[in-house]
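What follows is one structure encoded as structure tokens, with my remarks underneath.
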Amino acid sequence: MSCRPRTPAMALAASARCCPPLLSSSASASISFPSSARAPALQRTRGGPGPRRRLQRCLCSQQFAERQTSGAQQQQQQQLERLFSNLNQATMKHEPGSVTSAIFLVAGTTVGAGILAIPAVTQEAGFLASAVTCIFCWIYMVVTGLLVAEVNVNTMCELGSGGVSLVSMAMRTLGTSGVRTACVSYLFIHYALLVAYVARSSEIITNSLGIPLWESATLFSLVFGGLCYFGSQRVIGAVNGFLVFSILASFTALVVVASGNLQWSSLLEANFAAAPQSIPIIALSFVYQNVVPVLCTNLEGDLSKVRKAIVVGTAIPLALFLTWDAVLLGTIPGLAGDGTIIDPLEQLRSSNGTVGPIVEAFSFLAIGTSYIGFVLGLSDFIADLLKLPSGQNKPLPYVVTLVPPLVLSLLDPEIFFKALDFAGTYGVLVLFGVFPAAMSWSERYSDDLEAPVPPIVPGGKFTLAFVMGGALLVIFSEIFKDIMQLQGLH
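Residue numbering for the sequence shown follows our numbering, beginning at 150 and increasing consecutively.
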């Protein structure tokens, strides 16, 4: 029995590296990867289970640059499990995804311009209460990301193909109605955020270079969109790494400048009753789950690497969020619980002239990293939605991804900025809160589905129910609040 890679070329390159499967001989089926076409999304059936591909892991060894010819201790070959090998069909070389690049991709996608708005939405709660809320939201979003990874890899195993997006995942686990809801939520969130990113970045470029707004928006979309389309994994990873380090440098400068008037006693202020109202915006700031399918494909289905990339990649933004929140709220004491609505960042800008340019640089870098992650995630989603062949870089998904946000950001960006609050409350919590738990529940406990990969999120039904219940609680509380506000207007 042997493992069969996705393409004939991959089979030629990987045949010398694939050894007998690790599973017992009783599981007699093997992975079968389509050579040219993306496998269609599965329809859920209520009858007896038909023939399906079963996961067969192959024991593969990493290649050494040179054979060891001397030495008292001969290093053992490093062994790992993966679903398939990422093969560069031009060079015929194995290109495994880098965990470091994956961490930078997650961190860069998460650290968006939304970090600048966190102090404004947490000021009434105070730093202590908002820090607890932020940590809770981080744990919650890490769990949902791991659930997405778990379902994604299981869907890879069943479809026999990499590049599986939420479309195939939702169809396999939740059926047609789940796919429709996921598609609407996914497209709305991503297009709304991409519109906001293009609008804000074009404003920064126009202020810096003095060129018209439409030229700034087009330049930004072409440069960063072209990087996503033409760049390889390594190039995109290197650019993301550079941008993340630049973010850290500008953020450090911003914190140093802003912390001159920090009052440590104000960090102990807390109004926990006001903390829940900041959850939708904080949850929106931690969105990265759209790139999890990309991670799973780049890291060859190795869930240990995916888990490390998610945890470490989101821990970096968490540290930035907490530090930034502490610096801003620490300079304006006495806000917790008094109902005063001011923008701490604007107040800091007015009191310190050097803050403005640093904020602009930090905003542009943060937008750039987030834009790359969202373009990669949305283009992969659209490619899967259109049933385009996997493993091929087609221009159509990128055109559909890049052009609408560019056009809409130039028409009337204020409409879409207002929609971001709605996207954070309903879109993000539905798509990246309720959906991952619902898909995992269906996969784990349905008789019609198989889950070859062991669960990577512990707690069973209790954890899944908590994830779904928490998101629904916030959603319904926001609906109730909106209804009460509408009644108050009348």
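C-beta: ideal position from N, C-alpha, C; glycine also. Predicted, not measured: the structure shown is a model, and the values here were computed from it.
Residue i classed as buried or exposed, judged by whether at least 16 other C-beta atoms fall within 10 angstroms
{"i": "Lys630", "result": "exposed"}
{"i": "Glu364", "result": "exposed"}
{"i": "Phe625", "result": "exposed"}
{"i": "Arg349", "result": "buried"}
{"i": "Met633", "result": "exposed"}
{"i": "Asp533", "result": "buried"}
{"i": "Pro433", "result": "Residue identity differs from the one stated: residue 433 is Leu in this sequence, not Pro. So Leu433 counts as buried."}
{"i": "Trp287", "result": "buried"}
{"i": "Tyr594", "result": "exposed"}
{"i": "Gly609", "result": "exposed"}
{"i": "Trp473", "result": "buried"}
{"i": "Asp596", "result": "exposed"}
{"i": "Asn303", "result": "buried"}
Three-state secondary structure (DSSP) of residue i
{"i": "Gly582", "result": "helix"}
{"i": "Glu592", "result": "helix"}
{"i": "Asp631", "result": "helix"}
{"i": "Ile605", "result": "coil"}
{"i": "Glu599", "result": "coil"}
{"i": "Glu299", "result": "helix"}
{"i": "Ala251", "result": "helix"}
{"i": "Gln272", "result": "coil"}
{"i": "Gly309", "result": "coil"}
{"i": "Ser175", "result": "Per-residue confidence for Ser175 stands at a pLDDT of 32, beneath the threshold of 50, marking its modelled position as unreliable; no derived number is given."}
{"i": "Val260", "result": "coil"}
{"i": "Ser395", "result": "helix"}
{"i": "Gly640", "result": "Any property of residue 640 remains undetermined from this structure, which presents the chain solely from 150 to 639."}
{"i": "Thr330", "result": "helix"}
{"i": "Glu352", "result": "helix"}
{"i": "Thr282", "result": "helix"}
{"i": "Thr325", "result": "helix"}
{"i": "Thr314", "result": "First, the residue type needs correcting, since residue 314 is Ser and not Thr in the sequence shown. Three-state result, Ser314: coil."}
{"i": "Thr480", "result": "coil"}
Residue i at chain B interface by Cβ criterion, 9 Å
{"i": "Ala424", "result": "Looking for chain B here will not work: only one protein chain is present."}
Residue i beta carbon near the ligand FAD (any heavy atom closer than 8 Å)
{"i": "Leu613", "result": "You won't find the ligand FAD in this model; it holds no ligand whatsoever."}
Complete alpha helix (DSSP H) runs within the stretch 503 to 549 (minimum length 4 residues, chain order): Those alpha helix (DSSP H) runs which fall completely within the stretch 503 to 549 and span 4+ residues are 504 to 534.
Inside the stretch 358 to 383 only - alpha helix (DSSP H) runs reaching at least 4 residues: Within the stretch 358 to 383, complete alpha helix (DSSP H) segments of at least 4 residues are found at 362 to 379, given in chain order.
Residue ranges of each alpha helix (DSSP H) within the stretch 409 to 476, 4 or longer: Listed in chain order, the complete alpha helix (DSSP H) runs (minimum 4 residues) inside the stretch 409 to 476 are 428 to 434 and 441 to 447.
Cβ contact (3+ pairs, closer than 8 Å) linking the stretch 355 to 370 and the stretch 599 to 607: Short answer: they don't touch.
Segment contact, 8 Å Cβ cut-off, at least three pairs: the stretch 612 to 624 with the stretch 318 to 333: No: fewer than three Cβ pairs fall under 8 Å.
Inter-stretch contact (C-beta, 8 Å, three-pair minimum) for the stretch 371 to 378 and the stretch 517 to 526: Contact holds: three or more Cβ-Cβ distances are below 8 Å.
Inter-stretch contact (C-beta, 8 Å, three-pair minimum) for the stretch 458 to 472 and the stretch 256 to 274: Judged by Cβ distances under 8 Å, the stretch 458 to 472 makes contact with the stretch 256 to 274, as three or more pairs qualify.
Inter-stretch contact (C-beta, 8 Å, three-pair minimum) for the stretch 414 to 432 and the stretch 276 to 288: Segments in contact, yes.
Segment contact flag, the stretch 501 to 518 with the stretch 332 to 352, C-beta cutoff 8 Å, min 3 pairs: A contact exists between the stretch 501 to 518 and the stretch 332 to 352.
The stretch 440 to 460 contacting the stretch 283 to 301, beta-carbon criterion three pairs below 8 Å: A contact exists between the stretch 440 to 460 and the stretch 283 to 301.
Meets three-Cβ-pair contact criterion under 8 Å: the stretch 400 to 410 and the stretch 505 to 512: Counting C-beta pairs closer than 8 Å gives three or more between the stretch 400 to 410 and the stretch 505 to 512, which meets the contact rule.
Stretch-stretch touch, CB-based, cutoff 8 Å, three pairs: the stretch 330 to 348 with the stretch 574 to 582: As far as the Cβ criterion goes, the stretch 330 to 348 touches the stretch 574 to 582, which means the pair count is three or higher.
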